[in-house]
Structure formats: C-alpha cells, structure tokens
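**Student:** Once you've had a glance at the structure underneath, I'll fire off some questions.
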Amino acid sequence: MSQEQGTSLATLLARIDAKQAELARRRPLSSAEAARLHEYLDLEWTYNSNAIEGSTLTRQETLVVLKHGLTVGGKRLAEHLEVINHQAAIDYVESLATRRGPPSEADVLALHAIVLRSIDDQHAGVYRSGQVYIAGSEHVPPPGAAVPGRMEEYAGWLARSGAEVGTGSGLHPVERAAHAHFWLVDIHPFVDGNGRVARLLMNLLLMQTGYPIAIIRNDDRAAYYAALEAGHEGRLQAFLVFVGEAVDRTVDIMLSVTDA
C-alpha cells in the first residue's frame, strides 16, 4: 500500500469529508478551468484503467487518440479501440450520474457493451456462461450458471445500499463505491472487461453522491491486485482503504486548482 498504509478507514473517510467541505467553501471553478480539470481526469482515468489491463499506449499516446482520434504506429487496433470505448463509457457514466436511483443490471450490461464494442462483439454486454479463472489469484469466481442470480443479488444490494446513503445507517459513499467495485470483480460476470467495468461503476456511484472519482494508478497495479486478493481472503478493509486513498488524491487535485 502507499504511505497511508497505517491509516484507518474511519480516519481516511473523515479526512476526505473535511476536504470536501473545504472544496465547497471555495469559489467555483470558471467554465474553462472546470473543462481543463475534466479533460485531465478523463485522460488519467482512461490511460490508467487501460494500462492496468495491459495496454501499451503511453499517457501521451492515449491523449492523441482521445483528442484527434488518430491511431498510433506500431500499436494494436484493439488498444486504439480501448481508448475510444473507455471515453464513451465515461460519457455514459456521466449521463447516468445525473439520473436519480442506483444503476441497474441493464446499466452494467450497457457499460460492458461499450467497453468491448468492436473488440469482442460476441461477448460485449453478455454475461459469461462458462467458468473463468483470474491470473495470479487464488480466488475462483462462481460458475457461469450462477452469474445471473449473483448479478440480480448485486443489483438488489446497489438499490438497498443506495437508499441508505445519507441516512446515517448505511455505508459511507466512498465505502459503498469500493464495495461495489470489489463485489463485481469477485463475481467476475464477464469473459473480459470486468476490471474496467468495476472501476467505471465505482466512479458512477461516487459521482452520484457528489464525491470525486477514484483513479487507480497503473503504477499502483501490484498494490491494487494485492488489496483485491486480501478482500477475496476476507480482509476487505485493505481494499476499502486503497480506494479511499485514490479518492483522497483526487480531492487534493481539485483543491490544488481552486482558490482558498
């Protein structure tokens, strides 16, 4: 984990909330400043999420694809499509974030369809039917026959936990988003694209509750997988703190571009 390794979840969430309150007290960004911040965060999110999954595109190459739609010499077409699709998925997430109510199973499937569009159309937006295994993990996801039932339960949990947000009796919004990320990866409902969809869904839940997105950095890939593995072993706190630290970093970025 990072330098925050010893930080308790409660302390981390309290710090995030204090920074959120400070952000609310500061002057709003101008439209130009907000657009630049939005573009920066979209780039970081897309670059890092794809890099974690093995894309060899650099941050600068990702920017070229996003801004100009150009292919990069020597790179696979699939890597180009991953950038285009991920940005389209972010756009879809942002449209969902303005809607009341939790994301549905149909929303999760739609996100997955966007992520794999023109890359693997056979499996895009479709639950897997067979068994899958996660490279480097001891965790074995449920068999394909169990996936529809598990995802129905997952959607039910999203609805119940969403109804409790702000009541004082439910999970903190950052904690809930981290849980949603973890449990989708735990179920592993798709042949491919599970991690990207989990990170998109996590950030959708954060947006809906007014929190900054969590960008899982490719540089932290080993720590990310270690935290997920700890969760599979019953030590979910490590993953919740890992996600909280990512949100905390984004809050710091937002504070750095606003006037006190």
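Numbered per our numbering, the sequence shown spans residues 29 to 288.
The C-beta atom is built at its ideal place from N, Cα and C for all residues, glycine as well.
1. List, from N- to C-terminal side, the alpha helix (DSSP H) runs of 4 residues or more that fit wholly inside the stretch 215 to 243.
2. What span of residues does the alpha helix (DSSP H) with Thr286 cover, start to end?
3. With a Cβ-Cβ cutoff of 8 Å, do Ala117 and Leu228 count as a contact?
4. Just confirm the distance between the C-beta atoms of Ile244 and Asn76, as a whole number of angstroms; I'd bet it's less than 8 Å.
5. Check whether the stretch 248 to 258 touches the stretch 158 to 169, counting contact only when three or more Cβ pairs, one atom from each stretch, lie closer than 8 Å.
6. Does Glu81 come within less than 8 Å of chain B when only Cβ atoms are used?
7. To the nearest angstrom, how far is the alpha carbon of Leu105 from that of Thr99?
8. Applying the 10 Å Cβ sphere with the 16-neighbour rule, what's the burial state of Glu239?
9. Exposed or buried, what is Gln236 when buried is set at 16 or more other beta-carbons lying within 10 Å of its beta-carbon?
10. How would you call Arg263, buried or exposed, if buried means at least 16 neighbouring beta carbons within 10 angstroms?
11. Can you tell me the Cα-Cα spacing of Glu32 and Ala242, whole angstroms?
12. Which residue wins for smallest C-alpha separation from Pro171, given the options Pro217, Glu180, Leu199, Asn231?
13. Does Pro176 come out as helix, strand or coil in the three-state DSSP assignment?
14. Near Thr39, which residues of its chain fall below 7 Å by C-beta distance, leaving aside the five closest residues on each side in sequence?
15. So is Thr223 buried or exposed if we call it buried at 16+ other beta carbons inside 10 Å?
16. By DSSP, does Ser59 sit in helix, in strand, or in coil?
17. Buried or exposed: where does Ala63 fall if 16 or more other Cβ atoms within 10 Å of its Cβ makes it buried?
18. CA-CA distance, Trp211 and Arg178?
19. Let me know if Gly184 comes out buried or exposed under the rule of 16 or more other beta-carbons within 10 Å of its beta-carbon.
**Tutor:** If we stick to the structure as given:
1. Taken in chain order, the whole alpha helix (DSSP H) runs of length 4 or more contained in the stretch 215 to 243 are 222 to 236.
2. Here Thr286 belongs to no alpha helix (DSSP H), and DSSP marks it neither H nor E.
3. yes
4. 6 Å
5. yes
6. This model lacks chain B altogether, as it is built from one protein chain only.
7. 7 Å
8. Glu is not the amino acid found at residue 239; the sequence shown has Tyr there. With 16 or more other Cβ atoms within 10 Å, it is buried.
9. Gln236 should be labelled buried.
10. So Arg263 counts as exposed.
11. Because Glu32 carries a pLDDT of 41, less than 50, the predicted location of this residue cannot be relied on, and the following value inherits that uncertainty. Looking at the two C-alpha atoms, the distance is approximately 16 Å.
12. Pro217
13. helix
14. none
15. In the sequence as presented, Thr is not what sits at residue 223; that position holds Gly. Flag for Gly223 reads buried.
16. helix
17. exposed
18. 10 Å
19. By the Cβ-count criterion, Gly184 is exposed, with fewer than 16 other Cβ atoms from all chains shown falling within 10 Å of its own Cβ.
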